[in-house]
Amino acid sequence: MIDDDIDTKRRDVLTKLTFGAGCAGVCALAYPFLDSLNGTRASAFDESDVVDVDISMLRPGQQKVVQWRNWPVFVQRRTPEALASLQAPGADRDLRDPASRVLQQPRDATNWHRSVVPEIGVYIGICTHLGCVPNYNAPSATDLAGGYVCPCHGSHFDIAGRAFSDAPAPYNLPVPPVTMLSANTLRIGLSKGDPTFDINDIQQI
């Protein structure tokens, strides 16, 4: 009987040790996995999700269109007159969201020009009404500011991509994360000023 008790106790101890080792192994495997998920979310983007754009040949008033995440992205160089129009008295009176309070841009583009630097505007070229691609109206002698007009239902956006309230589009044009690498090169897909910004978190594309 004494031998049987000893064997039983040994089995109990071995069972507990085996169970404990198994739990430790599972935790050791699970932690890196969970930590990698957390790291992916915190960084928002990796290097494979960026596009570098050369703007050295982009003149004031001109725009070029590049592709990022299969979306057209408008890159414009604004004229001094266009910038002045954004700060003119009453310029924001007819806009839906003139102060960019709705999350349609990173924090470093939540300003009066909705961009990292005033001279360069970058917007995802998808109308927030039904997804058409707006036309760019370059500044001209009759329209010093310029802006965007959607060919589908007439939604109108100013040169900073802000929606006018008398048209169907409910939100401003989305601003992707942008970092200026130099005076002539910008990177779409990474925001130096808002590194955890994720374009999937905005109100609407």
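Counting with the numbering used here, you get residues 1010 to 1214 for the letters of the sequence shown.
A virtual CB, placed ideally from N, CA and C, is assigned to each residue, including glycine.
- The DSSP-derived three-state label of L1104 is strand.
- Its chain contains I1133, I1135, P1183 as the residues whose beta carbon lies nearer than 7 Å to that of I1214, once the 5 sequence neighbours on both sides are disregarded; these appear in chain order.
- Note on geometry: alpha-carbon atoms of R1196 and V1084 lie some 11 Å from one another.
- Distance between R1086 and P1107, taken at the CA atoms: about 20 Å.
- The Cβ atoms of S1164 and A1178 lie closer than 9 Å to each other.
- The residues L1104, R1105, D1106, T1137, S1164, H1165, F1166, A1178, P1179, Y1180, N1181, L1182, in chain order, have a CB closer than 8 Å to that of A1172 in the same chain once the five nearest residues on each side in sequence are set aside.
- Ranked by Cα distance from P1089, the options I1168, L1199, A1192 are led by I1168.
- Around the C-beta of P1160, fewer than 16 other C-beta atoms lie within 10 Å, and the residue is accordingly described as exposed.
- Taking C-beta separations shorter than 8 Å and ignoring five residues to either side along the sequence, the partners of F1206 in its chain run A1053, P1115, R1116, P1186, S1200, following chain order.
- Bridge pairing for V1075: V1082 [DSSP].
- Comparing C-alpha distances from S1065 to each of W1121, E1128, G1202 shows the shortest one belongs to E1128.
- DSSP, reduced to helix, strand and coil, places D1152 outside both helices and strands of the structure shown, so it counts as coil.
- In the DSSP annotation of this structure, S1191 is not part of any alpha helix (DSSP H); the continuous beta strand (DSSP E) holding it starts and ends at 1187-1191.
- Just so you know, the alpha carbons of G1140 and A1147 end up roughly 21 Å apart.
- The criterion of a C-beta distance shorter than 9 Å is satisfied by V1125 and G1202.
- Comparing alpha carbon positions, the residue from N1144, A1091, A1192 closest to D1063 is A1192.
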